[in-house]
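Residue 149 in this note's numbering sits at position 54 of the sequence shown, and the numbers go up by one each step. To start, the structure under review is shown below, and the notes come after it.
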Amino acid sequence: MNIRTYQPDDLEQMRRITIEGFDGTAIDQNVERNFGPLAGHDWRWRKARQVDEDCEVNPAGVFVMEEDGKVLGYITTRIDPGVGKGRIPNLAVDSTAQGRGIGRKLIDHAVAYCRGEGLAYVMIETMANNVVGQHLYPSCGFVEVGRQIHYALKV
């Protein structure tokens, strides 16, 4: 296993891992439960699109864990050097590779990347129903700093 910067050829595997991994915890899925598919696209399409956007905005800060050419997991980052803040918008591990410490290694790698960019802190968030994230992030040193409630209104 090794961690490397993502390549465009990784996107299909990353999208698949995303859709599989966020099923049951994606906010877009919750919106869809209330309002149905929006603009002709389901939550899976919208969630996968977020990964595409992460790769477009900060390709140097998107990392994949691979083994024998297969993407086992990935992590994306966004950085704001002006305020010294890094953010981890997306992290997902293939269901066949979970329990092997891949998420933790990807987080460590992303934090090291942010540190190398001279940032002062890194943020990550999770939904209340994401039990794995609520355990993993504090065990990696993240401290809860607030809670947020999401509301939606179909217009």
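Even glycine gets a Cβ: it sits at the ideal position worked out from N, Cα and C. Just so you know, these numbers come straight off a predicted model, no measurement behind them.
Spatial distance of residue i from residue j (CA atoms)
i: residue 244; j: residue 186; result: 21 Å
i: residue 307; j: residue 147; result: Residue 307 cannot be examined here, being either before or after the span of the chain that is shown, 96 to 250.
i: residue 98; j: residue 155; result: 13 Å
i: residue 238; j: residue 220; result: 11 Å
i: residue 223; j: residue 115; result: 18 Å
i: residue 141; j: residue 153; result: 19 Å
i: residue 211; j: residue 191; result: 31 Å
i: residue 240; j: residue 200; result: 23 Å
For residue i, the first and last residue of its enclosing beta strand (DSSP E)
i: residue 158; result: 157-162
i: residue 186; result: 186-188
i: residue 131; result: Here residue 131 belongs to no beta strand (DSSP E), and DSSP marks it neither H nor E.
i: residue 217; result: 216-219
i: residue 180; result: 180-183
i: residue 120; result: Per DSSP, residue 120 belongs to no beta strand (DSSP E) and is neither H nor E.
Chain C within 8 Å of residue i, Cβ atoms only
i: residue 135; result: You won't find chain C in this structure, because it holds only one protein chain.
Enclosing alpha helix (DSSP H) for residue i [first to last residue]
i: residue 112; result: 106-117
i: residue 99; result: No alpha helix (DSSP H) holds residue 99; the beta strand (DSSP E) holding it covers 97-100.
i: residue 195; result: Run containing residue 195: none; DSSP gives neither H nor E here.
i: residue 231; result: 226-234
i: residue 142; result: 138-152
Reference residue i, options the options, closest by Cα
i: residue 113; options: 207, 202 and 170; result: 170
i: residue 144; options: 193, 165, 121 and 163; result: 121
i: residue 247; options: 176, 196, 126 and 184; result: 126
i: residue 225; options: 104, 118 and 102; result: 118
i: residue 182; options: 197, 163, 232 and 139; result: 232
i: residue 216; options: 195, 103 and 236; result: 236
Whole-Å CB distance - residue i paired with residue j, under 8 Å assumed
i: residue 149; j: residue 168; result: About 14 Å; that fails the 8 Å criterion.
i: residue 218; j: residue 249; result: The pair is not a contact, with the Cβ atoms about 29 Å apart (cut-off 8 Å).
Contact test: residue i Cβ vs the ligand MG heavy atom, cutoff 7 Å
i: residue 189; result: As for the ligand MG, it is missing from this structure, which has no ligand bound.
Does the segment 142-161 come close enough to the segment 107-123 to have 3 or more Cβ pairs within less than 8 Å?
-> yes
Would you check if there are 3 or more beta carbon pairs closer than 8 Å linking the segment 131-141 to the segment 204-213?
-> no
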